[in-house]
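First residue of the sequence shown: 1402, per this note's numbering; consecutive thereafter. Glycine included, C-beta positions come from ideal geometry on N, C-alpha and C. I have placed the structure first, in the form of structure tokens, so that the comments after it can refer back to it.
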Amino acid sequence: MYRTFAIFLCLSVFLLKTAHVIAVEVDVAPRITDREIIERLTQLEYGQKNLEKQLEGLRSEMNTKFDAVDKRFDAVDKRFDDLRSEMNAKFASVDKRFDILQWMFGLFITISIIILGFVLRMLWLMQKKQTIMESTLEKQKEELAFIRTLIEKLIPPKGVL
């Protein structure tokens, strides 16, 4: 313990002595004359003007490139507009064709229904005539059967005469 205390004491004395030396050894800067200040300010102004010229050149170059990019975008927009108008024209023609097909299918279905109606009417009329004919034939058959029975009653049997 005594040893650590001794080491601590030595280190603190050493630090106190070196801190004093570091604080004492700060150099004082030499004085700058007014002429040197004016020369350095003129150099700074000249450098600043050069920087402004370079910035202006970069701005103008950037603006020309942006204008070129804007022209390209306008050209691309025009192409897209042309493609849209062509697409709309093609869709309009396809719609027109579908309208024509719709009319054709409507006309075909209408004509088919009319023909089917005529065929069904003819079948119905034929069925009606057939039922009338069957009923008249049935009546004639009954009348013939009645006449046959009368004739058989009037004619004597074969073996009698």
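Any chance the CB of residue i is under 7 Å from a heavy atom of the ligand FMN?
i: K1491; result: By its list of ligands, the structure shown contains no ligand whatsoever, and the ligand FMN lies outside what it can speak to.
Please state whether DSSP places residue i in a helix, a strand or coil.
i: T1402; result: In the sequence under discussion, the amino acid at residue 1402 is Met, which differs from the Thr named in the question. Here M1402 sits in coil by DSSP.
What residue range is occupied by the uninterrupted alpha helix (DSSP H) comprising residue i?
i: R1441; result: 1435-1555
Determine, for residue i, whether the minimum Cβ-Cβ distance to residues of chain C falls below 8 Å.
i: I1548; result: Of the protein chains in this structure there is only one, and it is not chain C.
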